[in-house]
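In the working numbering, the protein residues as written are 22 to 371.
Ideal Cβ positions, reconstructed from N, Cα and C, are used throughout, including at glycine.
Working notes, structure below.
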């Protein structure tokens with residue numbers, strides 16, 4: 022079952038979702054609660070990329086009022102960004118001070134190698150050891166996987182080297198495999214203003230909606246339906262179900278109020294697909310690819326360039342005159358160096 026609520030106050034909406042679902046029943050006796058938001062980049066939640074601080078506040082208040090004392094926030098930003106800077110930019114430092122809750126940067130955490138349907142994956146220990154891991158993703162578009170929500174948000178529980186490896190493996194299979202072994206007993210989705218085209222945000226669409234469930238596959242299948250996407254467009258969702266992570270049948274959705282403050286859910290515009298029509302991508306990391314997309318967004322003159330990006334181009338011949346993006350494309354005669362390079366640096370090469 023999925024619970025849905027409409028509004029603009031993320032703290033109050035979170036509290037209502039938790040109360041309606043009787044979420045305290047999911048915490049093992051004497052167990053800890055680890056809150057895992059989406060802090061992919063340093064940015065304001067209102068830009069449509071990161072989880073609103075009010076979601077964390079609502080969770081902390083609810084679990085603390087129900088007797089849980091061991092509560093923490095855990096996250097690791099994407100490769101190329103600083104987690105602690107991202108948490109301050111999102112206002113999480115104030116939440117931690119006000120509620121006296123620790124924040125743990127998973128980039129600095131110990132890891133354990135875990136058997137998965139595709140082989141071993143190194144996962145951060147704090148995520149594995151939580152009594153209840155609460156997944157707090159943003160429903161938004163993604164320039165490589167089309168959509169990102171509950172399953173892909175778990176990628177923040179990996180060390181950077183494993184994040185890079187996920188891209189070299191093509192994202193779909195490793196994301197699905199991770200969802201099968203890293204169990205999140207509770208998911209609360211921040212869909213207040215996710216950017217429906219781009220995981221880094223910048224073009225938020227205000228839908229004023231949040232929803233809660235306990236099955237990440239079900240949550241993502243529901244998210245696809247809200248975005249007007251066939252499951253085949255986001256293949257890791259069905260594959261995660263095949264791997265035993267959950268069910269794609271989201272069934273009943275219980276609305277806790279009427280959507281008077283939320284318009285109809287808009288479809289992704291396809292903006293990113295138009296921007297990258299001349300891009301030759303092979304196993305690019307999200308941070309690098311997003312920098313390129315942002316550069317193309319702000320610099321139309323780059324859209325007619327032949328551009329190469331991704332780990333798959335290491336050591337391979339890149340045609341003369343083409344632009345290589347990132348250190349992986351250093352074999353290009355014209356390369357924007359960096360891991361990842363900034364959008365500004367890329368745009369200056371156009």
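- Between the alpha carbons of residue 348 and residue 299 lies a gap of roughly 19 angstroms.
- Judged by DSSP secondary structure, residue 263 falls within the alpha helix (DSSP H) whose first and last residues are 256–263.
- Collapsing the DSSP output to three states places residue 292 in a helix.
- Only residues of its own chain outside the window of five on either side were considered, and among them 329, 330, 334, 339 and 356 have a CB closer than 7 angstroms to the CB of residue 350, listed in chain order.
- Here residue 115 is exposed, its C-beta having fewer than 16 other C-beta atoms within 10 Å.
- Taking C-beta atoms as the reference points, residue 160 and residue 178 fail to come closer than 8 angstroms.
- In terms of Cβ geometry, residue 219 and residue 293 form a close pair [threshold 8 angstroms].
- CA-to-CA, the gap between residue 311 and residue 264 works out to about 29 angstroms.
- In the structure shown, residue 68 falls within a helical segment according to DSSP collapsed to helix, strand and coil.
- A buried status is given to residue 147, since no fewer than 16 other beta-carbon atoms sit within 10 Å of its beta-carbon.
- One thing to note: residue 25 has its Cβ no nearer than 8 angstroms to the Cβ of residue 250.
- For residue 57, the uninterrupted beta strand (DSSP E) segment begins and ends at 54–58.
- Of the candidates 323, 244, 273 and 55, 323 places its Cα closest to the Cα of residue 366.
- Here the alpha carbons of residue 86 and residue 45 stand approximately 10 angstroms from one another.
- Selection 214, 210, 43 and 172 evaluated against residue 195 yields 172 as nearest (Cα-Cα).
- Taking 3 residues as the minimum length, the beta strand (DSSP E) runs contained wholly in the stretch 64–133 are 92–96 and 124–126, in order along the chain.
- Less than 8 angstroms separates the beta-carbon of residue 226 from that of residue 69.
- Per DSSP, residue 36 is one residue of the alpha helix (DSSP H) stretching across 31–42.
- By the CB criterion at 8 angstroms, residue 244 and residue 170 fall inside the cutoff.
- In chain order, 58, 59, 60, 66, 111, 157, 158, 159 and 211 place their CB closer than 8 angstroms to the CB of residue 72, counting only its own chain and leaving out the 5 sequence neighbours on each side.
- Counting along the chain, residue 330 sits inside the beta strand (DSSP E) bounded by residues 328–330.
- In this structure, the straight-line span from the alpha carbon of residue 269 to that of residue 193 is close to 16 angstroms.
- Residue 239 sits in a helix when the DSSP states are folded into three classes.
- Residue 302 sits in a strand when the DSSP states are folded into three classes.
- The three-state secondary structure of residue 346, taken from DSSP, is strand.
- By the Cβ-count criterion, residue 253 is exposed, with fewer than 16 other Cβ atoms from all chains shown falling within 10 Å of its own Cβ.
- 233 is the residue among 89, 304 and 233 whose C-alpha sits nearest the C-alpha of residue 27.
- It is roughly 11 angstroms from the alpha-carbon of residue 74 to the alpha-carbon of residue 81.
- In the displayed model, residue 321 falls within a helix according to three-state DSSP.
- DSSP lists 26 and 211 as the beta-bridge partner residues of residue 231.
- If you check the CB distance, residue 64 and residue 222 come in under 8 angstroms.
- Counting C-beta atoms within 10 angstroms of its own C-beta, residue 37 has 16 or more neighbours from the protein chains shown and is therefore classed as buried.
- Residues of the same chain with their beta carbon placed closer than 6 angstroms to that of residue 337 are lacking, with the five preceding and five following residues left out of the count.
- In the structure shown, the three-state DSSP call for residue 356 is strand.
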